[in-house]
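Below: the structure, in structure tokens.
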Amino acid sequence: MVPSREALLGPGTTAISYILFLSSLQNQNYKGHGLSKGKEREQRASIRFKTTLMNTLMDVLRHRPGWVEVKDEGEWDFYWCDVSWLRENFDHTYMDEHVRISHFRNHYELTRKNYMVKNLKRFRKQLEREAGKLEAAKCDFFPKTFEMPCEYHLFVEEFRKNPGITWIMKPVARSQGKGIFLFRRLKDIMDWRKDTRSSDNQKDDIPVENYVAQRYIENPYLIGGEMFSPGDFVAQGSPFLFTLTLDHHPLPDVHLTNVAVQKTSPDYHPKKGCKWMLQRFRQYLASKHGPEAVETLFRDIDNIFVKSLQSVQKVIISDKHCFELYGYDILIDQDLKPWLLEVNASPSLTASSQEDYELKTCLLEDTLHVVDMEARLTGREKRVGGFDLMWNDGPVSREEGAPDLSGMGNFVTNTHLGCVNDRKKQLRQLFCSLQLQKKASS
Ligand SMILES: Nc1ncnc2c1ncn2[C@@H]1O[C@H](COP(=O)(O)OP(=O)(O)O)[C@@H](O)[C@H]1O
Ligand SMILES: [Mg+2]
276 MVPSREALLG PGTTAISYIL FLSSLQNQNY KGHGLSKGKE REQRASIRFK
326 TTLMNTLMDV LRHRPGWVEV KDEGEWDFYW CDVSWLRENF DHTYMDEHVR
376 ISHFRNHYEL TRKNYMVKNL KRFRKQLERE AGKLEAAKCD FFPKTFEMPC
426 EYHLFVEEFR KNPGITWIMK PVARSQGKGI FLFRRLKDIM DWRKDTRSSD
476 NQKDDIPVEN YVAQRYIENP YLIGGEMFSP GDFVAQGSPF LFTLTLDHHP
526 LPDVHLTNVA VQKTSPDYHP KKGCKWMLQR FRQYLASKHG PEAVETLFRD
576 IDNIFVKSLQ SVQKVIISDK HCFELYGYDI LIDQDLKPWL LEVNASPSLT
626 ASSQEDYELK TCLLEDTLHV VDMEARLTGR EKRVGGFDLM WNDGPVSREE
676 GAPDLSGMGN FVTNTHLGCV NDRKKQLRQL FCSLQLQKKA SS
């Protein structure tokens with residue numbers, strides 16, 4: 276499993292999404308993405324790409340040297356498809372060895388809210404059996420969640436144990452805050468059950484939409500009021516508290532941090548957007564809470580990436596043609612504990628500000644570097660631009676040499692999440708040394 280990842284993206288201040296790239300799961304040793312042993316990968320004169328997305332992605336693909344766009348039914352080497360195309364066509368599309376496609380066949384194991392939780396719960400149990408309670412507790416980063424309606428009775432039991440707390444109901448397969456509502460009384464959920472049962476859906480025999488009921492994190496970390504030196508911020512962050520129009524049972528002061536939702540806020544500023552670079556966020560936190568607290572927070576976030584991917588390692592169908600870019604929705608609470616809310620298989624690639632455009636462009640360029648259609652990488656890289664290789668059948672150390680896992684003494688995980696962004700320099704060095712190696716060997 277290769278959770279190389281690019282840090283960043285911060286919609287709002289209470290939640291940050293991280294974008295993470297996972298290359299072929301089958302390819303545990305990161306040997307050039309499905310490259311069979313001993314077989315040299317071909318360098319192609321041009322790479323034929325296809326995509327239906329008309330956003331930053333299209334710009335990046337069109338500007339990439341040697342890549343040519345294919346339209347309609349033309350043959351392609353690289354397809355950034357949408358998940359609906361995948362669902363309908365993947366099983367009967369023949370793909371040559373070198374071809375790459377932007378989703379895993381059953382990505383929903385991680386990216387549907389109910390499946391994600393099911394996989395995490397199962398993985399937690401497995402860890403408890405095999406490695407003990409302490410290790411299993413490292414999976415406690417998602418709020419208590421029940422699938423509805425099938426776990427309704429379990430939910431009611433839990434609900435009764437904790438009277439007075441707030442729950443959030445979310446449709447398992449929708450996005451951008453659609454269909455979400457909060458509740459505190461069982462009666463509200465009964466109304467919802469009745470509503471869904473008696474709706475027109477039922478008449479047409481369309482199954483009731485599945486939801487998850489999840490414990491609502493009531494103390495999100497907020498940034499507001501005391502911003503430090505505004506000039507320091509390329510994109511100004513602001514708290515963007517807003518009141519949502521709730522579908523069912525309105526509660527005041529709900530914070531949904533989806534950018535799609537925030538855009539409708541009267542305070543939204545299209546030029547500034549509502550995101551912070553992760554680096555800024557890290558600095559801000561360090562100035563308020565000290566470097567140690569921030570270290571712990573970022574280590575906990577890295578743990579979320581690794582554990583969530585491990586939880587689906589055995590269930591995702593490994594196919595060397597597939598890669599995927601995930602958007603991690605993580606909410607940080609006032610105790611600086613990060614909570615995983617969901618993982619998106621199609622994180623928004625549309626830019627909401629100039630800075631966001633630059634960020635996404637860099638992210639996508641690096642994604643293409645890692646996918647490596649040009650066959651330039653050796654497969655032993657630990658960093659490619661903004662991506663770090665964090666796991667390679669075990670944690671990857673920042674230092675060279677065998678990892679000291681015994682006491683975890685000097686072991687520093689190879690992650691630069693929220694650190695100074697030196698991707699340009701890193702890429703220059705990387706491609707320079709690759710060229711030198713190539714020259715030397717030819
Ligand atoms: N358990 C929760 N506690 C607090 N806020 C939440 C919780 N779940 C979701 N939210 C808020 O609602 C937003 C949307 O929820 P999310 O699970 O990401 O679904 P969507 O697919 O609609 O984006 C999140 O970004 C977050 O701001
Ligand atoms: Mg979300």
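Start counting the sequence shown at 276; every next residue gets the next number (the working numbering).
No residue lacks a Cβ here, since even glycine has one placed at the ideal position from N, Cα and C.
Counting only runs that start and end inside the stretch 397-434, the alpha helix (DSSP H) elements of at least 4 residues fall at 408-411. Cβ atoms of R490 and K419 come within 8 Å of each other, at about 4 Å. E344 has F324 as its beta-bridge partners, per DSSP. A residue is called buried once 16 or more other Cβ atoms fall within 10 Å of its Cβ, and M423 is buried on that count.
If you check the C-beta of E363 against ligand 2, you find no heavy atom less than 6 Å away.
For E372, the number of other beta carbons within 10 angstroms of its own is below 16, and it is reported as exposed. Inclusion of W614 and L606 in the CB contact set at 7 Å is warranted, their separation being smaller than that value.
Contact between the stretch 402-411 and the stretch 621-639 is absent: fewer than three C-beta pairs spanning the two stretches fall below 8 Å.
Taking the Cα positions, V695 is about 10 Å away from Q558. When distances are taken from the beta-carbon of I492 to the heavy atoms of ligand 1, the shortest one is below 6 Å. For S586, the CB contacts under 6 Å within the same chain, skipping 5 residues up- and downstream, are N394, L395 and F398 in chain order. For R490, the enclosing beta strand (DSSP E) starts and ends at Y486 to R490.
Spatial neighbours of A626 in its own chain (CB-CB distance under 6 Å, excluding positions within 5 residues in sequence) are listed in chain order as T331, Y632 and K635.
Assignment of beta strand (DSSP E) within the stretch 555-636, counting only whole runs of 3 or more residues, yields 599-607 and 613-619 in chain order. S450 has its Cβ nearer than 6 Å to a heavy atom of ligand 1. Taking 8 Å as the upper bound for CB-CB distance, G654 and D641 are not in contact here, some 16 Å apart. N485 is not a Cβ neighbour of V431, given a cutoff of 7 Å. The Cβ-Cβ distance between A620 and T327 does not fall below 7 Å. Nearest neighbour of N389 by Cα position, chosen from R460, P340, E426 and Q318, turns out to be E426. Within its own chain, the residues whose Cβ lies closer than 8 Å to the Cβ of V392, once the five positions on either side in sequence are excluded, are F417, T420, E422 and V487, listed in chain order.
With a contact defined as Cβ atoms closer than 8 Å, I376 and D352 miss out at about 10 Å.
Note: F458 is bridge-paired with W442 in the DSSP secondary-structure output.
Remark: the C-beta of D352 is outside contact range of ligand 1, defined as less than 6 Å to any heavy atom. Taking the Cα positions, K462 is about 12 Å away from R435. The beta-carbon separation of L664 and R658, rounded to 7 Å, stays under the 8 Å limit for a contact. Between I591 and F379, the C-beta gap is smaller than 7 Å, which places the two residues in contact. Distances between the C-beta of E484 and the heavy atoms of ligand 2 are all 6 Å or more. For D647, the CB stays at least 6 Å from every heavy atom of ligand 2. As the crow flies, the alpha-carbon of M465 is around 18 Å from that of N437.
Residues of the same chain with a CB within less than 6 Å of the CB of Q609, apart from the 5 flanking positions on each side, are N494 and Y496 in chain order. E617 has its CB nearer than 6 Å to a heavy atom of ligand 1.
Take the alpha-carbon of W355 and the one of K325: they are about 6 Å apart. By the CB criterion at 7 Å, G693 and L572 fall outside the cutoff.
Taking non-hydrogen atoms of ligand 1 into account, the C-beta of I443 is found less than 6 Å away from one of them.
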